[in-house]
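For the protein sequence lines, the chains are A and B, in the order given.
Each residue of the first sequence is one higher than the one before, starting from 1156 at the first, in the numbering used here.
Each residue of the second sequence is one higher than the one before, starting from 1156 at the first, in the numbering used here.
We treat Cβ as the ideally placed atom computed from N, Cα and C, and that holds for glycine.
Remember, it's a predicted structure, so these values are computed and weren't measured experimentally.
Please read the structure below before turning to the comments.
Number of protein chains: 2
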Amino acid sequence: MAEGLSIGQVSERTGLSVHALRFYEREGILADPVRRESNGRRVYSEDDVDWLDMCIKFRSSGMPLDTIRRYTDLVKQGPGNEQERLALLKSHQESVVAQLEELTECLRVITYKVDIYTEHLERGTAECLWVAPSTVSQDEAV
Amino acid sequence: MAEGLSIGQVSERTGLSVHALRFYEREGILADPVRRESNGRRVYSEDDVDWLDMCIKFRSSGMPLDTIRRYTDLVKQGPGNEQERLALLKSHQESVVAQLEELTECLRVITYKVDIYTEHLERGTAECLWVAPSTVSQDEAV
DNA sequence: CTAGGAGCTAGAGCGCTGTCTAGGTCAAGC
DNA sequence: GCTTGACCTAGACAGCGCTCTAGCTCCTAG
């Protein structure tokens, strides 16, 4: 907070492109409308960076910008709507748990296939034709 | 395989829309070009459904259609490229593991926030102004 | 004989999330 | 004075993954 950060610095620190940073601001995803220098350049605070980091977590767990904006609005409105914030967070939490379950199941299937191919290749090193050409679909219908 | 399935039946069983099924076929995502009845209608086999189920697993773990098509092509080519198939599967497997890690970290953060709000609300049931309006940003810079 | 319903193709359109361009300002360094 | 580089705005464009429409063919039931 001592001096404030330029958009370029924030881009480096968050990993978001400067384009994305301006885009997020237009989309109302930033807590405040972002302070400006006299010349119109954006000045970000450490708090802004923290907020962005949280938004990145939201995004990368599949929360749409729309929902992030709704959450941002709730926070902007100030105290009194904690119930709503909590509801939003909880619902996203559930969605993340569901995603984790689905991903885990996908991983199970993929790992099964990886194991099968690994085994096949270990066995038939020299000639890969361990299986008759006509049985390819069965091979793949694992 | 006794009689074969119509696109509508496959849609029901896989959860993909008929639009999506035709789209996937155009995109070369199906093992074979899908048999047709004399009148041009698609006839799917159980194997096709199995293949689609696997594609759904791929998709829902973030594999782009492009990559699914590459994998499909490898299988279409028949035996001899198992190394490549395995490489593709392994790389996707890694990506899924990475996603799981990221999601887990997101969940950690979100759960932390959920817990904080829950605690706050349990404490200050009556008046929600347990925190001064000016400290909202700190509140949110968790 | 007619209406519905399922299917077909080709291709347009859409929602989301950015990314990039054009055209400009400003400040610092050579 | 001139270049360079970071920044600005408004708005066009892009990629992905479908989704939908138009206009058609069939088949079946009433």
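So which residues on chain A does B:Y1272 lean against when the C-beta distance must stay under 8 Å? What B:Y1272 touches in chain A, judged by beta-carbon distance under 8 Å, is E1237, R1240, L1241, L1244, going in chain order.
Can you look up A:V1198 in the DSSP assignment and give me helix, strand or coil? Residue state for A:V1198 is assigned as strand, using DSSP reduced to three classes.
Residue(s) in a DSSP beta bridge with A:R1225: Its beta-bridge partners do not exist; DSSP assigns none.
I'd like to know whether the C-beta of B:F1178 is nearer than 9 Å to at least one C-beta of chain A. Not an interface residue.
Assigned secondary structure, B:L1244 (DSSP; H/G/I helix, E/B strand, else coil): Assignment of B:L1244 by DSSP, reduced to helix, strand and coil, places it in the helix class.
Would you grab the beta carbon distance between A:L1243 and A:T1227 for me? Rounded to a whole angstrom, and I think it's under 8 Å. In this structure A:L1243 does not touch A:T1227 by the C-beta definition: roughly 11 Å separates them, more than the 8 Å allowed.
Could you check whether the Cβ of B:L1160 sits closer than 9 Å to any Cβ belonging to chain A? No, B:L1160 does not count as interfacial toward chain A.
Work out the CA separation of B:V1198 and B:V1189 for me, nearest whole Å. Each residue's alpha carbon lies about 7 Å from the other.
Proximal chain A residues relative to B:E1182, where beta-carbon distance stays under 9 Å: By Cβ distance, chain A contributes nothing, its closest Cβ being about 18 Å from B:E1182, past 9 Å.
So which residues of chain A does B:L1255 contact, with C-beta pairs closer than 9 Å? Neighbours of B:L1255 on chain A, chain order: L1255, L1258, T1259, L1262.
Taking the alpha helix (DSSP H) that A:G1183 falls in, what are its first and last residues? Neither: A:G1183 is in no alpha helix (DSSP H) and is coded neither H nor E.
Helix, strand or coil at B:L1171 according to DSSP, with G and I counted as helix: Correct three-state label for B:L1171: coil.
Straight-line CA distance for A:G1217 to A:R1181? Roughly 20 Å between the two C-alpha positions.
Say whether chain A places a C-beta atom closer than 9 Å to the C-beta of B:V1173. B:V1173 does not count as touching chain A.
So, using beta-carbon positions, are A:E1237 and B:Y1272 closer together than 9 Å? It is a contact, given that the beta carbons lie within the stated cut-off.
Proximity below 9 Å, CB of B:L1220 to CB of B:Y1267: The answer is no: Cβ separation not under 9 Å.
Once the 5 residues before and after B:F1213 are set aside, which same chain residues still bring their CB inside 8 Å of it? Cβ neighbours of B:F1213 beyond the five flanking positions: T1222, I1223, Y1226, H1247.
Residue-chain proximity (A:T1222, chain B), Cβ-Cβ < 9 Å: Taking Cβ atoms only, chain B never reaches closer than 9 Å to A:T1222, which makes this a no.
Give every residue of the same chain whose Cβ lies closer than 7 Å to the Cβ of A:S1172, excluding the five residues on either side of it in the sequence, and list them in chain order. Cβ neighbours of A:S1172 beyond the five flanking positions: S1166.
Cβ neighbour criterion (16 or more within 10 Å) applied to B:A1186: Around the Cβ of B:A1186, a 10 Å sphere holds 16 or more other Cβ atoms; the residue is buried.
Bridge partners of A:R1177, per DSSP? DSSP lists no partner for A:R1177.
What residues are listed by DSSP as bridge partners for A:L1160? DSSP lists A:Y1199 as the bridge partner or partners of A:L1160.
Neighbouring residues, chain B, relative to A:V1251 (Cβ below 7 Å): From the beta-carbon of A:V1251, the residues of chain B found nearer than 7 Å are L1258, C1261, L1262, I1265.
I believe B:A1255 touches A:T1259 by the beta-carbon criterion, under 8 Å. Please report the beta-carbon distance rounded to the nearest angstrom. It should be pointed out that residue 1255 of chain B corresponds to Leu in this sequence rather than to Ala. Confirmed, Cβ separation roughly 7 Å.
Beta-carbon contacts of A:R1168 that lie in its chain and below 8 Å, excluding the five residues immediately before and after: Excluding positions up to five away in sequence, the list reads L1160, V1204.
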